[in-house]
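Q: In this note's numbering, the protein residues as written are 787 to 1176.
1. Just verifying my parser: in three-state terms, what is the DSSP assignment at residue 1098?
2. Does DSSP classify residue 1133 as helix, strand or coil?
3. Strictly by DSSP, which residues pair up with residue 1147?
4. Starting from residue 1090, trace the beta strand (DSSP E) both ways and give me its first and last residue.
5. State the DSSP-derived secondary structure class of residue 982, mapped to helix, strand or coil.
6. Tell me which residues share the same chain as residue 882 and place their Cβ nearer than 6 Å to its Cβ, disregarding the 5 neighbours each side in the sequence.
7. Please classify residue 948 as buried or exposed, where buried requires at least 16 neighbouring CB atoms within 10 angstroms.
8. Going by other Cβ atoms of all chains shown within 10 Å of its Cβ, with 16 needed for buried, is residue 986 buried or exposed?
9. Could you spell out where the alpha helix (DSSP H) holding residue 860 opens and where it closes?
10. Tell me, please, which residues DSSP counts as bridged to residue 946.
11. Answer with buried or exposed for residue 1182, where buried requires no fewer than 16 other C-beta atoms within 10 angstroms of its C-beta.
12. Around the C-beta of residue 971, are 16 or more other C-beta atoms found within 10 angstroms, so that it is buried, or is it exposed?
13. With distance defined between alpha-carbon atoms, name the residue in 893, 818, 1102 and 790 nearest to residue 858.
14. Exposed or buried, what is residue 969 when buried is set at 16 or more other beta-carbons lying within 10 Å of its beta-carbon?
15. Does the distance from the C-beta atom of residue 1059 to that of residue 1022 stay below 8 Å?
16. For residue 844, which of helix, strand or coil comes out of DSSP?
17. Just to confirm the assignment, what range does the alpha helix (DSSP H) spanning residue 1066 have?
18. Assuming contact is defined by CB atoms lying nearer than 8 Å, are residue 1106 and residue 1113 in contact in what I supplied?
19. Taking 8 Å as the threshold (C-beta atoms), are residue 992 and residue 1011 in contact?
20. What does DSSP give as the partner residues of residue 819 in its beta bridges?
21. Going by CA-CA distance only, name the one from 849, 851 and 1088 that's closest to residue 1134.
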C-alpha cells in the first residue's frame, strides 16, 4: 500500500512550470487549455489518465487542484505519491549527487565533523566549477567572478540520500521553451546548466589526468585540462573529500532537470574517484599554485630588508605582506627614486603599497611589473596594514 501525500504545505510548494516540465519529459502532451486558469494534459500510454494543471496560485482551488495531480500520476505511473512529489519539486533542478563510500558510511550516516567537511568541500567544488564556467583558469584567487558568486547564492543543498552517504546539490535551471533542434548547432544554455556541465567535465578530466600522471609522472595532463575546467581549487576540493572517514571512493553523478532535458549524447555518466589517485591530484594542486601568477595584485606591507649593489641605481626591497591570506616575504626591484622612498619608509616604520604581478621565482616570491609604488603615511591606513600581517 502506497503512502498518500496530504501535507497542504508540501503540495502548495509545487510550481506549475515544474509540473509541466515533468509532464513533457514523461511524454505527456497538452490536450486543452483555458488560458490563465488551467491546462489539461494526456498521455497515449495512459488513455484513462488526465492531468489538470492550475495556472493561478491566487485561485481559491489552486492547492486542491495541485493535490489531485498526485493520485492521477500515482495511478498512471504506478509509483508512490511521495516519489512523484519529490520528482515534481525537483524537476526544475539539475541534481548533483556526491556519494562517499567507506566502512563508516555503510548505514547511510556520517560523523558530524566529517559531514561538516564534506559539505565545505562540496561548496568549494561547486564554486570551482562556477568560476571555470565564467573563464577557465589554473587557479582562482580570493576575488571570484561575480557570475559565479551569484550562482552560488542560487544553488541549494537537497536532502541527503541512502547509498552509503549521498549529498545532493540542487542547481536551478530555467525551463526549455522549445525542443532541441538539429538545426540549432549551438543552442544557448542558462549559466547554471553550463556550471554543472563544466564541473562534470572537469571532474572527469581530473580523474583522467591523474590516471595518466601515475603512468608518466608528468604534470602536463593536468595543465592541458585547464581549458576544460580543471584548476587547483577543484583538485583541492576533490582531494579534501578523502580526508573524511578515509573513503575508499567518491562518486559524482548528475540527474538533469526534467524541465530542460539533456540530449542523451551529451549526458555524461557517473564519475568514480578512487583513493589511489588522490596523491596525484594533491600534487597537481600544489604545482598549479607554484606556477601561478597573481596579476595586477595590490600589495601592502612594511619593508623588512633593503639591498642595493654598490654604484647601482636600482635596488631590491623585501616586503612583508599578506598574499591571499598567507603572510609572505616578497622581493621588489625599484628604481633609484623609489628605492629612496622605500629606505625612508623602512626608517620610519611606514608600510608601502604597490600593484604588480606576484609569482614564485625559485624559492622566493617576487613582484614583477610594479606600478603605483608609494609610501602609506596615513596612520589609520598603516594600522590597517599592520593588522593584516599580525
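Even for Gly, the Cβ is constructed at its ideal location relative to N, Cα and C.
A: Taking the geometry as given:
1. coil
2. helix
3. 1150
4. 1089-1093
5. helix
6. 955 and 1040
7. exposed
8. buried
9. 848-863
10. Partner(s): none; residue 946 has no beta bridge.
11. There is no way to answer for residue 1182, as the model of the chain reaches only from 787 to 1176.
12. Low confidence applies to residue 971: its pLDDT is 45, below 50, so where it sits in the model is not reliable, and the reading given next is rough at best. Burial call: exposed.
13. 790
14. Its pLDDT being 45, under 50, residue 969 is placed unreliably in this model, and the value from its coordinates should be taken loosely. Exposed, since its Cβ has fewer than 16 Cβ neighbours within 10 Å.
15. no
16. coil
17. 1064-1077
18. yes
19. yes
20. 825
21. 1088
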